[in-house]
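Take a look at the structure below.
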Amino acid sequence: MMHKPDELDPLPIKRDCPFDPPPALARYRSEALLPEVKTPKGDKAWLVTRHEDAKAVLMDKRFSSSPLAPGYPSYISGSVSPPPGFFMQHDAPDHFRMRSLVIREFLNEHVQSLLPEMQRIVASAILEFKNLSQPADLIEHFAYPVASQIIGGLLGVPSNDSAFVQETTDRILDRVSSPEVAEENAFALMKFFAEIVAGKSASPANDLISRLVQTVAVSHGASGEEIVGTTALLFLGGYDTMAQVIGLGAAALIRSPEQLAKFIDDEVSGAQMIDELVRYLSVNHAGLPRAALEDVIIGDTKIKRGDGVLVMINSANRDCAAFHEPDRLNAETPSRHHVGFGHGLHKCIGAHFARVELDLVFRSLFQEMPNLSLATSFEDLDFRDDMVLYGARTLPVTWGN
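Positions 101 to 501 (the working numbering) are the ones given, in order, by the sequence shown.
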């Protein structure tokens, strides 16, 4: 059956359960033709919901990730021009060139060298959290501070500026923000990172931004604007995204005590649990936007040149054709082939870094606070349905003595 845009609610489609994608996505997966939808901005797009189709689109160079491509489906208001250095919104060869600026920073050898400092940050954050009055908000007082300090330490961004970044980013990514508000805050955010890059140029330190400014950018011919854009992209990916996964992941583990016990007792590896959490949670519920550069057949649907496409990560990761009992959190079943970090050319550059960070965070948190529990019912939690990145707005918890 062919779905017309006016027959569907604006994205994001409403959920019935906060931990499950909208039921409509399961229905779309079972239909031969891709549904056509409208973004909150009003752009038309084909909705890719099956795991196999999602991987096919994300691997196909005939689909562009640039907002400048005709038909690119914008989810939020504001300028369509991707900032220089924002390599997730650039196609090859620019994507490869800009990605190569920082790829060494996310290789295992360098990530392991950062582990002692990450452990110190997490241990200190847990100690501070335990000293709060109960109940306390795990997201405000733990998830955001930890995510900010870890990615900020890697890049060289002061953690005391994270509140500004969070508020500014929320205004950009809120689908109800006006174009003027979105553009004003995008400008303020890039100005903030430009000032940090300028400071590192004048007084370099042992951090990623300083290395970019001093040596890497020179050897790769990167402009100052590209360094600023790359810095902003990496910080946003490691801050807001990670904070949402930490908060929602903690809630999911509290909700699944058997899985939590197997994780803490090493009956399942940290790698297994983190991949399963990333698959199960899929905090990007707005989809990965693409535009067709030529006519392409996906499944039984002909996508024409200039058509927009949204690859629904949260749906692909719940496809029973790819995963056993996909609506259940179960780290004992293989889930490494999920697309929670994307797939293909634009796969998340920090995927390995994120796995190491999340394993450390969840293991430390539940070992130090084994009685961590929600201070309210799951049904009473307030979730970010109106944001590009899904998560809980607050997570009030208690932990006993």
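Cβ coordinates follow ideal geometry from the N, Cα and C atoms, glycine included.
This structure is a prediction, so every number in the text was calculated from the model and none was measured.
Taken through DSSP and simplified to helix, strand or coil, residue 148 comes out as strand.
Boundaries of the alpha helix (DSSP H) harbouring residue 211: 208 to 230, taken from the DSSP string. Across the set 245, 133, 432, the C-alpha of 432 shows the shortest separation from the C-alpha of residue 375. DSSP, read as helix, strand or coil, puts residue 136 in strand.
Unbroken beta strand (DSSP E) runs of no fewer than 3 residues, entirely contained in the region 287 to 340, are not found.
Separation of residue 221 and residue 200 (C-alpha to C-alpha, rounded to the nearest whole angstrom) is 28 Å.
Counting only residues of its own chain and dropping the five nearest sequence neighbours on each side, residue 309 has a CB closer than 7 Å to the CB of 255, 256, 296, 297, 300, 331. Between residue 408 and residue 171, the C-beta spacing is below 8 Å.
Residue pairing by DSSP places residue 498 opposite 473 in a beta bridge.
Per DSSP, residue 169 lies in no beta strand (DSSP E) and is assigned neither H nor E.
Note that the C-beta distance between residue 383 and residue 348 is below 8 Å. Counting of Cβ neighbours within 10 angstroms places residue 366 among the exposed residues, the total staying below 16. With fewer than 16 other Cβ atoms inside 10 Å of its own Cβ, residue 127 counts as exposed. Only residues of its own chain outside the window of five on either side were considered, and among them 441 have a CB closer than 7 Å to the CB of residue 451, listed in chain order. The C-beta distance from residue 204 to residue 195 rounds to 17 Å, too long to meet the 8 Å contact threshold. Looking at the backbone, the Cα of residue 315 and that of residue 373 are separated by about 37 Å. Secondary structure at residue 398: strand, using DSSP grouped into helix, strand and coil. DSSP places residue 384 in the strand class (E or B) of the three-state scheme.
Counting only residues of its own chain and dropping the five nearest sequence neighbours on each side, residue 123 has a CB closer than 7 Å to the CB of 116. Contact between the region 338 to 353 and the region 243 to 251 is present: 3 or more CB-CB pairs across the two stretches fall below 8 Å. Cα atoms of residue 362 and residue 466: separation of roughly 12 Å, rounded to the nearest angstrom. DSSP places residue 442 outside any beta strand (DSSP E), giving it a letter other than H or E. Secondary structure of residue 483 (DSSP, three-state): strand.
In the DSSP assignment, residue 460 falls within the alpha helix (DSSP H) that extends over 451 to 468.
In this structure, 469 is the residue among 154, 135, 469, 130 with its C-alpha nearest to the C-alpha of residue 223. Secondary structure at residue 349: helix, using DSSP grouped into helix, strand and coil. Taken through DSSP and simplified to helix, strand or coil, residue 378 comes out as helix.
Residues 499, 500 of the same chain have their beta carbon placed closer than 7 Å to that of residue 471, with the five preceding and five following residues left out of the count. Scanning its chain for C-beta atoms nearer than 7 Å, with the 5 sequence neighbours on each side dropped, one finds around residue 401 the residues 133, 134, 146, in chain order. Between residue 370 and residue 459 a beta carbon distance of about 4 Å is seen, short of the 8 Å cut, so the two are scored as contacting. When DSSP states are grouped into helix, strand and coil, residue 357 belongs to the helix group. The Cβ atoms of residue 162 and residue 439 lie no closer than 8 Å to each other. Straight across, the Cα-Cα distance linking residue 354 with residue 478 is about 10 Å.
It is roughly 19 Å from the alpha-carbon of residue 184 to the alpha-carbon of residue 338.
Shortest Cα-Cα distance from residue 139 to any of 125, 389, 464 involves 389. Taking every protein chain shown into account, the CB of residue 320 has fewer than 16 other CB atoms within 10 angstroms, so this residue is exposed.
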